[in-house]
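Reading through the structure tokens given below for one structure.
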Amino acid sequence: MNQPVTLLLGVHAHQPVGNFPEVIEDAHQRCYKPFIETLHAYPDFRFAAHFSGWLLDWLRERHPADMDRLAAMVRRGQVELFSSGDTEPVLAAIPQRDRIGQLRTLNDKLAAWTGVRPQGAWLTERVWESSVVAALAATGIRYVTVDDYHFFCTGKTADELDGYFSTEDDGTRLDLFPISEALRYRLPFSPAHEVVGYLEGLAEQGHAAAVYFDDIEKFGIWPETYDWVYNRGWLRALIEGVLASPLIRTATYADFHARQNTRGIVYLPTTSYSEMNEWTLPMPAAAAYTNLLAGEKAAGRGDLHRPFVRGGIWRNFLTRYPEANWMHKRMQALSARLAALPAAAAELTADLYRAQANDAYWHGLFGGLYLPHLRRAVWRNLVALEAGLDALQPRPPLVAVDLDFDGKTEILTHSGQLQVALRDDGLGAAHELLSYPLAHNFGDTLRRYHEHYHDRIGNAPSEHHGEGIASAHDIVRFKHPVSADDIVPDILPRALWLDELDGAAIADYRAAPAAPEFTRPGLVKTFALDGSTATVAWHCRGLAGRRMTTRLNLAMPSCDGFLGRYVLADGSIPGGFGQPLDLVAANALTLEDGVLGGHVLLHTPNSARIAGRPQQTVSQSEAGFEKIMQAVEVSITWTVPADDCTLRLQLTIAPSET
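All letters in the sequence shown, in the order written, are residues 0 to 657 by numbering that gives the first Met the number 0.
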């Protein structure tokens, strides 16, 4: 009789920093809690789990009994907890000092909570770069899990991937477990008896281990899975089927690692799971890549050639989305400032780590970068960190630097309460507007991009046949009606104070040396900050009678919710941010935001036409295509009154009165 195959089952639980409490609570009730309760009843079923540190803190505070049950399962040897960066950063994307700090934070947290120090770590989004080896090893991590796809890219075959391998970087060793894609697509979507049969088949073929580690959210949160996994008994059937089988045994990764030798040395390429290698590509490259894979699959060469046609890498998201790149480079610069201090304050380090949470920096099947509240959480922590650093080590009021490596100089000028970041790209506009008292970036918007999945919008939903449930990869769903007009990409960034003359965008401004000033024929545009007020002035020559428009894309946290509204000078409320606004002649407009806890007052001494529109994008999530409001676009249009005159617009930001 063949030796049993060892099922190494691991689940990864994570919620983004800044996610809505009601979303996390729902995830706990529909997934984390029933999963833990179900497994607790089967102490002989051993498995691994990873809870990101931020989520773990949230759950331990609000659901201590459930988390105490999990800790007890660790102490009785049933569960092995994996570590990671505490706030779930992509380790490869943050500085080495922060990799070590993030890992140590969660390692220490787990050890203090359960009495067991972790040996394994979950790599966020399974992003592998050899540069992370040193930080993992330095913090006591002996092994990590990555996709079998990573190994296929080196020429390994599926039959070889039934244990762990070793790699090294600069002589430092780390062991690697290959996660089976075949299991990832079966659990929990295939019937339990089919999964058990598949595992028994591996044992009959002489395989030592079957490696699974994937999102626990598939066990209750993904569409249709709660009823399937719990109400219809899929999870219990799987557990009982595995425990009853003489051909399957379960183990923690630590136990397997201790009793088995390495399969040998391997060097993996820089990559992530195969789906991400498509997501990270921009159009039209993403479409070309998808078509290439589809053609190879149709020709019967898909599995053979896929490892050698790899697409992009995770860092390409920073190339693809300038908004993500700007957040990332601001984070890196603030990390360097913090590291340069004689002693880093714990509160500022926590701000930095929360700003490194991965979710808002990229986008794939889940909302990610497209979700304003996730970007807002990153910026809230970056703004708090910068304010704290300024209090300890004041910086010059104006700095000119190419911070994001795009070849364009950024001019950052700040007062005690505000900061604007201007870019010398011809637009004479701001792509950052910070309020330190409100810890908010009003420039935190996202333009419309042509995403490769937009081409699927006209297709009918795919069908799923047979027993089991459809994976979220298999079907097209819509949360909101979407038209062709909704997915027209933006030509210009969604910045603040974007100018037009007679309806044509101005894109030939030149920045003055080391000053917040831009010039073009007939116009000199200046920015000035005074306390909580930003004043932009346009000195016009020879433009009498022409239409001058400036557009402000303002990130208002209420978006189209009921707590966001326009208020006119007489106190009347013409509507919310999700509704169109048209004022024929006005001097002032207030944007009140209850989520922000503050308001923005626009005032011009020159009567102007003022219009407001919601700016929306279309993205996909596990629940389908959705329209998301990213910003309020306010346009102010003047008729230039004379050949030598100055137009002014003041923007004052203040907390709401209590």
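Here a beta-carbon is modelled for each residue, glycine too, at the ideal position from N, C-alpha and C.
In the displayed model, E128 falls within coil according to three-state DSSP, outside both helix and strand. Straight-line spacing of the CA atoms in T408 and H11 works out to 41 Å. Remark: three or more beta-carbon pairs, one from each stretch, lie closer than 8 Å, so the segment 126-140 and the segment 255-272 are flagged as touching.
For a cut-off of 8 Å, the C-beta gap from P187 to D146 is around 18 Å, too long to register as a contact. Per DSSP, reduced to three states, the secondary structure at K524 is strand. A residue is called buried when at least 16 other Cβ atoms come within 10 angstroms of its Cβ; K296 does not meet this threshold and is exposed. The beta carbon of Y229 sits closer than 7 Å to the beta carbons of P33 and G219 from its chain, once the five residues preceding and following it are set aside; these are given in chain order.
For L646 and R540, the gap between their C-alpha atoms comes out near 11 Å.
Assignment of R545 by DSSP, reduced to helix, strand and coil, places it in the coil class.
L175 and Y163 have their C-alpha atoms spaced approximately 5 Å apart. Secondary structure of H13 (DSSP, three-state): coil. Under the Cβ criterion (8 Å, minimum of three pairs), the segment 353-361 does not count as touching the segment 612-626.
Shown here, A494 sits in coil according to DSSP, grouped into three states, outside any helix or strand.
For E223, the secondary structure class from DSSP, reduced to helix, strand or coil, is coil. In this structure L421 is buried. Its beta-carbon is surrounded by 16 or more other beta-carbon atoms within 10 angstroms. The residue among E632, W637, A26 and G521 with its C-alpha nearest the C-alpha of P222 is A26.
For the options A209, C644 and V566, the alpha carbon positioned closest to that of A543 is the one of C644. Apart from the 5 residues on each side of it in sequence, H192 sits with its Cβ closer than 8 Å to the Cβ of A236 and G240 in its chain, given in chain order. Taking the Cα positions, L590 is about 7 Å away from G563. One alpha carbon belongs to G196, the other to I238, and they sit about 13 Å apart.
DSSP places S273 in no beta strand (DSSP E) but in the uninterrupted alpha helix (DSSP H) bounded by S273 to W278.
Under the three-state reduction of DSSP, D401 is assigned to coil, being neither helix nor strand. Annotation for I264: no alpha helix (DSSP H) segment contains it, and DSSP assigns it neither H nor E. Distance from the CA atom of A40 to the CA atom of A202, rounded to whole angstroms, is 26 Å. The straight-line gap separating the alpha-carbon atoms of R336 and E516 is approximately 27 Å. In this structure, A137 sits away from L173, with a CB-CB distance that is not shorter than 7 Å.
CA-CA distance, L650 to I312, rounds to 40 Å.
L551 carries a strand assignment under DSSP once its states are collapsed to helix, strand and coil. Considering only G406, D405, Y435 and G425, the residue with the shortest C-alpha distance to V419 is Y435. Judged by DSSP in its simplified three-state form, P371 adopts helix. Looking from the CA of E322, the closest CA among T37, R374, A339 and L292 belongs to R374.
Between A504 and L497, the alpha-carbon positions lie close to 8 Å from each other. Comparing C-alpha distances from V398 to each of G17, P512, H327 and F441 shows the shortest one belongs to P512.
Measuring C-alpha to C-alpha distances from F255 to each of F561, R545, A207 and D302 identifies A207 as the nearest. The three-state reading of DSSP puts L595 in coil, since its state is none of H, G, I, E or B.
For L432, the uninterrupted beta strand (DSSP E) run begins and ends at A429 to S434, by DSSP.
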